[in-house]
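Read left to right, the sequence shown gives residues -27 to -1, 1 to 35 (mature numbering (1 follows the signal peptide of the UniProt record, and there is no 0)).
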Amino acid sequence: MPAVPKSYLPALAAFIALSFTYTAVNAQREGAHVDAARTRWYSQKERGLAALSHGATLEQRH
């Protein structure tokens, strides 16, 4: 008795849907982490510049 051919289309569609969802959620989390790191970096940079210039503002430094 020959084997009945299976359609892999439903499994492929489910895999693609789940992988895109997983990727979108992880990319959103990574984006939030990058934004937080950028914010920390800029605040540290400003604190460092303020310490080096004895609290002078950007306009006063130039």
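Just so you know, even glycine gets a beta-carbon here, dropped at the ideal spot from N, CA and C. Just so we're clear, the structure is a prediction, and the values are computed from it rather than from any experiment.
Which of the three DSSP states, helix, strand or coil, is assigned to residue i?
i	result
His27	coil
Ser(-21)	coil
Taking 8 Å as the CB-CB cut-off, is residue i touching chain B?
i	result
Leu(-19)	Protein chains in the displayed structure number just one, and chain B is not present.
By Cβ distance below 7 Å, which residues in the same chain neighbour residue i in space, the five residues on each side in sequence not counted?
i	result
Leu(-19)	none
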